[in-house]
Ligand SMILES: [Ca+2]
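In our numbering, the protein residues as written are 1 to 75.
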């Protein structure tokens, strides 16, 4: 259910969108494609930049999932 927003920094999704996903994005925060820190997995909106927009999208998806099933979210 968490789908592509459930970030898998080690290649394994944990089945939830939670702080682990947000922290993963923070590790690549403020980077653009071509830079060492950039990781396309963290670029949620695929605009070649990892910034607050990606974090907000991830948070919004987690809120939507929380409204649908409490078991999906562990914040
Ligand atoms: Ca982005």
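All C-beta atoms in this analysis are idealised placements derived from N, C-alpha and C, irrespective of residue type, glycine included.
When the Cα atoms are used, residue 48 and residue 57 turn out to be separated by approximately 15 Å. In this structure, DSSP gives residue 28 a state outside helix and strand, which the three-state scheme calls coil.
The straight-line gap separating the alpha-carbon atoms of residue 31 and residue 54 is approximately 12 Å. The Cβ-Cβ distance between residue 25 and residue 61 does not fall below 9 Å. With a cut-off of 8 Å, the C-beta of residue 21 is classified as distant from ligand 1, since no heavy atom of the ligand falls inside that distance.
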